[in-house]
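Asker: Under numbering that gives the first Met the number 0, the residues of the sequence shown are numbered 0 to 35, in order.
Below you will find the structure I want to go over with you.
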Amino acid sequence: MHEHRIGTREEWQVARDELAKLEAEQAKRNEEITRT
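Right under this line is the structure:
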């Protein structure tokens, strides 16, 4: 089970930015797959 912790707004923003980058990369891969 996940252990939740409290973080700062800055920590949240860094994690969110990383996630957004990964999501964008995944969307690009999915688009490439559907084109082939």
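Just so you know, even glycine gets a beta-carbon here, dropped at the ideal spot from N, CA and C.
#1: Quick check: the Cα distance between A19 and Q25, rounded to an integer number of angstroms?
#2: State the start and end residues of the unbroken alpha helix (DSSP H) segment that holds T7.
#3: Using the Cα positions of R8 and E30, report the straight-line distance between them to the nearest angstrom.
Answerer: Quick answer:
#1: Within the sequence shown, residue 19 is the residue found at index 20, counting from 1. Within the sequence shown, residue 25 is the residue found at index 26, counting from 1. The C-alpha of A19 lies about 10 Å from the C-alpha of Q25.
#2: In the sequence shown, the residue the question calls residue 7 occupies position 8. No alpha helix (DSSP H) holds T7; DSSP gives it neither H nor E.
#3: Stepping through the sequence shown from its first residue, residue 8 is reached at position 9. Stepping through the sequence shown from its first residue, residue 30 is reached at position 31. Approximately 32 Å, taken between the alpha carbons.
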